[in-house]
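Asks:
Numbering (the working numbering), first residue to last: 31 to 608.
#1: Mind pulling the alpha helix (DSSP H) runs of 4 or more residues that sit fully within the region 196-272?
#2: So what's residue 543 in DSSP terms, helix, strand or just coil?
#3: Does the distance from the C-beta atom of residue 541 to that of residue 522 stay below 7 Å?
#4: Smallest Cα separation from residue 564: which of 590, 544, 478 and 70?
#5: Alpha helix (DSSP H) containing residue 490: first to last residue?
#6: Closer than 6 Å by C-beta to residue 586: which residues in its own chain qualify, once you throw out the five before and the five after it? Chain order, please.
#7: Tell me whether residue 298 is buried or exposed, calling it buried when 16 or more other Cβ atoms sit within 10 Å of its Cβ.
#8: Reducing DSSP to helix, strand and coil, say where residue 608 ends up.
#9: Check this for me: beta carbons of residue 279 and residue 272, under 7 Å apart or not?
#10: Inspect the beta-carbon positions of residue 362 and residue 352 and report whether they are closer than 7 Å.
#11: Touch check for the region 392-405 and the region 424-438: three-plus C-beta pairs under 8 Å?
#12: Cβ atoms of residue 72 and residue 252: under 7 Å apart, would you say?
#13: Answer yes or no: do residue 474 and residue 57 have a C-beta to C-beta separation smaller than 7 Å?
#14: Just the Cα atoms here: how many angstroms apart are residue 444 and residue 596?
#15: Tell me whether the beta-carbon of residue 600 lies closer than 7 Å to the beta-carbon of residue 520.
#16: Taking buried to mean at least 16 other C-beta atoms within 10 Å of its own C-beta, is residue 247 buried or exposed?
#17: Measure from the alpha carbon of residue 80 to the alpha carbon of each residue in 114, 68, 580 and 186, then state which is nearest.
#18: Quick one: residues in its chain with C-beta nearer than 8 Å to the C-beta of residue 490, no 5 flanking neighbours on either side, listed in chain order?
#19: Run through DSSP, which three-state label would residue 324 get?
#20: If you scan the region 546-585 from start to end, which runs of the alpha helix (DSSP H) of 4 or more residues do you find wholly inside it?
#21: With a threshold of 8 Å on Cβ separation, who are the neighbours of residue 557 within its own chain once the five nearest residues in sequence on each side are excluded?
#22: Taking all protein chains shown into account, decide if residue 592 is buried (16 or more other Cβ within 10 angstroms of its Cβ) or exposed.
#23: Please determine, among 216, 245 and 290, the residue with the shortest C-alpha to C-alpha distance to residue 265.
#24: So for residue 151, helix, strand or coil by DSSP?
Here it is as structure tokens:
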């Protein structure tokens, strides 16, 4: 531990670890300045010898694709940096059970090694085990307890209970040979939590007495002044929305929002409504929470979806998956009329989630618009007092900083605007700009035992996309092609060529998908056939050079289509030897 030392920023040179200093390098494999894909590497490097480093990982979450990432399901952190360090990974430590903190485990364990120990709180561990069972992975999974520290190599990891929008959320005090690092992932300081388990301020204060070197802090709510509202502040309004409904009630939220599901079940049972769970992810989450006694739900309270038609409409509440408007979700299928249960005029649909998932806002509001047009009463958003953030506001951050008294601050878990808001807030507490570390997206922050740090070491961070069963096989080129197909469609021409004499055996055959409807654009199609035939006669040879013909035709077709239509479809000449 470092005591009574003055810390200054190291010179701007790139560190190559040629000195004999001990150091701790902190890397974000999802990139600094990103809300999701939480995966942080703490790497202790003894005496400047990186080949003998020891590593722990905090969290292993997925990201959610932007709206222009056509067909992509998820994005995961890039573990390329750990490729030659797998044998030095001592464990993965999980802070809580949200997908952006645990969702990538099932993809990354096969890459890094299935025997790596995973330490998680009770609810997160159950979620992880359930997900891994789906893909036949048996993990080395341990449930950690509050206030029971875990020693792995040189790292001592002390879990500290905090509050968030999911039960069993923790911070970590990570003690290393050069000092204490406090990993303050997603949190708020809810003084009136619905489960009665508030933040452990005494534990945080005890850590602060030990001279914290650096605080890595959630910053997503740092652009809001004051304190974030308590979950209990919306309980009464949420209850009123359910008990005042005249007909069927549909509640949708993120599947891991156990607090909201528990409330909905309690309020519905109180007015004699039966519970209908619709959607695999919600059913799985509720069953896990039921087994762990985070909610009370008897078999007699539940009816399967196929029996819902046998009950009066004012005696039913539906807990539905698909809050984010996913196309294959139960809610989307209901709206499109493709589900056995169909939402209709007079139904009440309640959207209630702690925070919208980045990249899904447009889908959510599209869903709300469609439901409103169908005649449903849709209740959503902060204005209806059904939403409170799971992330602390400025005064909660100030309180955490005041209790810990860290030398340095490293904001995480937010976009750049949140990091800047956090920096401004920290300055009001007396921190200088040099003490609030703002690394580039792919930079690491390295702390040294001689009281210096730098952010000059960079790692390679690629977009690793999940599409179906494929991991990382969809890259920039594939996404660009999908965007072209979505925007301008495809134009293909089939050419049957006699290689010996270099002549066409038949007229070109044109196929169009998403470009123009061939039967309604005969003038354009005939023009293109003529131009393609003329160009073919110019570029053919004896014998025919298929690669040259294909290349010349593709460029020429792209040019004349753009000149004629102003569009840029994907052009695919198909040359076949006959």
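Ideal placement from N, C-alpha and C gives every residue a C-beta, glycine not left out.
Replies: Well, looking at it:
#1: If we require 4 residues or more, the alpha helix (DSSP H) runs fully inside the region 196-272 come out as 231-238.
#2: Indexing the chain shown from 1 puts residue 543 at position 513. Shown here, residue 543 sits in a strand according to DSSP, grouped into three states.
#3: Residue 541 sits at position 511 when you count from the first residue of the chain shown. Residue 522 sits at position 492 when you count from the first residue of the chain shown. Here residue 541 is near residue 522, since their CB atoms are less than 7 Å apart.
#4: To locate residue 564, count along the chain shown from 1; it is residue 534. Checking every option, the nearest Cα to that of residue 564 belongs to 590.
#5: Taking the first residue of the chain shown as position 1, residue 490 is located at position 460. For residue 490, there is no enclosing alpha helix (DSSP H), since its DSSP letter is neither H nor E.
#6: Taking the chain shown and counting its residues from 1, the one referred to as residue 586 is at position 556. Cβ within range, chain order: 565.
#7: In the chain shown, the residue the question calls residue 298 occupies position 268. Residue 298 should be labelled buried.
#8: Numbered from its first residue, the chain shown carries residue 608 at position 578. In the three-state reduction of the DSSP assignment, residue 608 falls in the coil class, being assigned neither a helical nor a strand state.
#9: On the chain shown, position 249 is the one that residue 279 refers to. On the chain shown, position 242 is the one that residue 272 refers to. A contact, by the Cβ cut-off of 7 Å.
#10: As a first step, residue 362 is located in the chain shown; it is residue number 332 there, counting from the start. As a first step, residue 352 is located in the chain shown; it is residue number 322 there, counting from the start. A contact, by the Cβ cut-off of 7 Å.
#11: Touching, no.
#12: In the chain shown, counting from the first residue as 1, residue 252 sits at position 222. In the chain shown, counting from the first residue as 1, residue 72 sits at position 42. Judged by their CB atoms, residue 252 and residue 72 are not nearer to each other than the 7 Å cut-off.
#13: The count along the chain shown starts at 1 and reaches residue 474 at position 444. The count along the chain shown starts at 1 and reaches residue 57 at position 27. A contact, by the Cβ cut-off of 7 Å.
#14: Numbered from its first residue, the chain shown carries residue 444 at position 414. Numbered from its first residue, the chain shown carries residue 596 at position 566. Going by the C-alpha atoms only, they are around 40 Å apart.
#15: Translated into the one-based positions of the chain shown, residue 600 becomes position 570. Translated into the one-based positions of the chain shown, residue 520 becomes position 490. Judged by beta-carbon spacing, residue 520 lies within the 7 Å limit of residue 600, meaning their Cβ atoms are closer than that value.
#16: Translated into positions along the chain shown, residue 247 becomes position 217. Residue 247 sits buried, since 16 or more C-beta atoms from the chains shown fall within 10 Å of its C-beta.
#17: Here residue 80 refers to the residue found at position 50 of the chain shown. Restricting attention to 114, 68, 580 and 186, the CA atom closest to the CA of residue 80 is found in 114.
#18: Residue numbering aside, residue 490 sits at position 460 when the chain shown is read from its first letter. Within the same chain, Cβ atoms closer than 8 Å to the Cβ of residue 490 are found at 108, 110, 111 and 472, the five residues on either side in sequence being excluded.
#19: Locating residue 324 in the chain shown gives position 294, counting from the first residue. Here residue 324 sits in coil by DSSP.
#20: Counting only runs of 4 or more, we get 552-569.
#21: Taking the first residue of the chain shown as 1, we reach residue 557 at position 527. If you ignore the 5 residues before and after residue 557, its C-beta comes within less than 8 Å of the C-beta of 594, all in its own chain and listed in chain order.
#22: Translated into positions along the chain shown, residue 592 becomes position 562. Residue 592 comes out exposed.
#23: As a first step, residue 265 is located in the chain shown; it is residue number 235 there, counting from the start. Comparing Cα positions, the closest option is 290.
#24: Sequence index remark: in the chain shown, residue 151 carries index 121 (1-based). Residue state, collapsed to three classes: coil.
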